[in-house]
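Only one structure is covered here, and it is reproduced in the block below.
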Amino acid sequence: MSTTDRNPWYWIPTLYFAEGIPYFIVNNISVLMLAKMGVPNGQMALFTSLLYLPWMIKPFWSPFIDIIRTKRWWILAMQILMSVAFITLTLCMPHPPTADIAAGTTPISLFSVTLILFAITAFASATHDIAADGFYMLGLSTRNQAAFVGIRSTFYRLSSIFGQGVLVYIAGYAETHGIGFFGIEAGNIPASWQLTMAVTAVIFSMVTLYHTFILPKPAADRSRLSHESGAKEKAGGKADAKAIFREFGNSFATFFTKKGLVLAIAFMLLYRLPEAFLIKMCTPFLVASKSAGGLGLSTENVGIVYGTIGVFFLTIGGILGGIYASRVGLRKSLWVMAACMTLPCLTFCYLAELQPDNLWYISTAVAIEQFGYGFGFTAYMLYMMYFSEGEFTTSHYAICTAFMAMSMMLPGMVAGFLQELLGYAMFFWMVIACCAATLVVTYFVDKKIDPSYGLK
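Those letters in the sequence shown? Residues 390 to 845, by this note's numbering.
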């Protein structure tokens, strides 16, 4: 089957929808689920932050996706593995005692199997990302690659709304109202999340089955080690593999000898520091009781406020940020975007200090913060592209994304312990103090950027 034998509309939307679901399950829904199950914030944040690790180290195994098998094989194999993981998560969902959930004293050890399955899903998802992005380029003509870049981004964002909005709403509805057809009584938190995982497993398995028949088989999608016939082709395959490993080594060597490396790494690790702390604690804060310093929202409302309204304004912020940067360039937009990355964090200080009951006030505050993050994050992405320019642009950008994942993982690991020590209100004020790190690295990076970079 050639590249042109399959209409891209048949598989691009579903492929990138499938790419987003496991990411948001592992990195976002796991946080809310464990918080609702009564796991203390310190333990919850530490172990869920470690789930970022596969995305941090994926540049180290990305060459093997080229060397071994086809991109199509990797996509289907990882989707099957994730489907099995979601099914197993459903069947193995722990049911902590109600008293432990209410007291917030559920031990994380009860979720050992759950965390292992999340880790397997994380590694499979990171591998799927590598294969899907490569397959996108192999399965489309250059013209179609440009034409469908907006489509793939849109459906990835829709998977975010589905994961953080629809799935969370399902869990909240089952918890609040119960669903007699499934034997779930109102107030049964573990059963509500078990249903949510079951819905995820069914939908993801259906998408996997669909892709088994629908994904095209581009002629260019071949293993580097594949050989069609004869000793000559076989030797050529081995040479290709050696060349890949050689280039792999060169890409790392040249990255870590680039001019301005220390400043670039500091920027990649510190620019998002406030958001890295905030994003790990925002959903636990929304559902925590008023007496614990939270807002006491139902899981349903979190799905609406954060998973739907928040994601919508995050997307709008990202779109407008890209338009603004393309008109004035990265350097002129950097300070505006740094301000948008930091100042909206004050909305959570407002929420923690006043603890409003009005859902419109809460939604507006979340919308402002998420819009600012989406707008400000554009500068971060553009800077990674800027720093990656050169002979090994693709490989260097992949290494930059590893530092991007690290920038979220390391603060997240301690965020829960800090929140338990400080309380929610003081924790969010600490987040505001961390904005100084963003401003400092922005000040030094601003002097090094080519003024013309990013302009149309």
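Positions of the beta carbon are idealized from the N, C-alpha and C atoms, including for glycine.
The structure displayed is predicted, hence computed values, not measured ones.
Should residue i and residue j be called a contact, given that it needs their Cβ atoms to be closer than 7 angstroms?
i	j	result
GLY765	MET730	yes
GLY692	VAL820	no
GLN553	ASN417	yes
ALA560	THR585	yes
ILE550	GLU564	no
ALA520	ILE454	yes
ALA826	LEU684	no
TYR813	ALA741	yes
TRP444	ALA508	no
GLY493	GLY427	yes
MET657	PHE792	yes
ALA804	TYR441	no
TYR370	ILE603	A query on residue 370 cannot be resolved here, the shown segment of the chain reaching from 390 to 845 and no further.
PRO448	PHE637	no
PHE781	THR643	yes
MET467	TRP582	no
At what residues does the alpha helix (DSSP H) containing residue i begin and finish?
i	result
ARG461	460–480
MET445	442–456
GLY572	Per DSSP, GLY572 belongs to no alpha helix (DSSP H) and is neither H nor E.
THR601	578–603
LYS425	419–425
SER501	501–528
GLN759	748–777
VAL834	813–835
GLY552	Here GLY552 belongs to no alpha helix (DSSP H), and DSSP marks it neither H nor E.
SER498	Segment: none, SER498 is in no alpha helix (DSSP H) and carries neither H nor E.
LEU735	735–743
LEU435	430–439
LEU732	Taken as a continuous stretch (DSSP letters only), LEU732 belongs to no alpha helix (DSSP H), as it is neither H nor E.
VAL415	VAL415 -> no alpha helix (DSSP H), and no H or E assigned at all.
GLY561	557–566
ASP489	487–492
Against chain D, does residue i count as a neighbour if the rule is that its beta carbon must be under 7 angstroms from one of theirs?
i	result
ALA741	The question asks about chain D, but that chain is absent: this structure has only one protein chain.
Would you please state the rounded distance, in angstroms, between the beta carbons of residue i and residue j? I believe it to be under 8 angstroms.
i	j	result
GLY477	ILE414	It should be noted that the sequence gives Thr, not Gly, for residue 477. Not a contact, Cβ separation roughly 13 angstroms.
LEU719	TYR772	7 angstroms
VAL407	VAL694	The question names Val, but residue 407 in the sequence shown is Ala. Between VAL694 and ALA407 the Cβ distance is about 26 angstroms, and since that is not below 8 angstroms, they are no contact.
LEU342	PRO483	Nothing about residue 342 can be reported from this structure: the residues present for the chain run from 390 to 845 only.
HIS600	ILE401	That pair is no contact at about 11 angstroms.
SER796	ALA665	6 angstroms
LEU667	CYS738	Actually they do not touch by this definition, with Cβ atoms about 10 angstroms apart.
LEU652	LYS837	7 angstroms
SER438	LYS669	7 angstroms
PHE436	ILE490	Contact flag wrong, Cβ pair sits at about 17 angstroms.
THR589	PHE475	5 angstroms
ARG461	LYS606	6 angstroms
Hey, out of the options, whose CA is closest to residue i's CA?
i	options	result
ALA434	MET586, THR672, THR565, TRP463	THR672
ILE410	GLY761, HIS517, ARG395, TRP463	HIS517
MET798	TYR842, LEU659, PHE776, GLY572	LEU659
ARG611	LEU499, GLY696, THR459, ILE568	THR459
ASP746	SER501, PHE674, LEU686	LEU686
GLY707	ALA756, LEU439, SER514, ALA804	ALA756
CYS789	ILE456, PHE816, LEU748, SER640	SER640
THR543	TYR405, MET467, THR503	TYR405
PHE760	LEU650, GLY711, ASN533, SER594	GLY711
TYR562	PHE833, THR688, THR589, LYS425	THR688
VAL473	SER594, GLU574, LEU527, LEU421	SER594
GLY699	LEU810, THR479, TRP749, ALA590	TRP749
LEU743	MET815, LYS721, THR495	MET815
ASN396	CYS481, GLY682, LEU732, SER530	SER530
ALA424	LEU675, THR753, GLU780, SER680	LEU675
THR831	GLU758, LEU723, ALA754	LEU723
PHE833	ALA727, TRP450, GLY779	ALA727
ALA587	PRO485, ILE540, LEU598, LEU480	LEU480
PHE817	GLU778, GLU758, ASP489, ASP835	GLU758
LEU828	THR403, ALA768, MET471, VAL591	ALA768
SER548	GLU778, THR753, LYS721, PHE701	PHE701
LYS721	MET526, PRO800, ASP839	ASP839
ILE446	SER784, ALA822, CYS823, GLU809	SER784
ALA412	THR736, MET774, PHE512, VAL725	As written in the sequence, residue 412 is Tyr, which differs from the Ala given in the question. Closest by alpha carbon: PHE512.
GLY523	ILE705, LEU732, ILE456	ILE456
Verify the contact flag: residue i, CB atom, against every heavy atom of the ligand FAD, threshold strictly below 6 angstroms.
i	result
LYS460	As presented, the structure is devoid of all ligands, the ligand FAD included, so that no description of it is given.
Those runs of the alpha helix (DSSP H) which lie wholly inside the region 676–715 and span at least 4 residues: 688–693
Kindly provide the ranges of any alpha helix (DSSP H) runs that are 4 or more residues long and lie completely inside the region 639–664, ordered along the chain. 650–659
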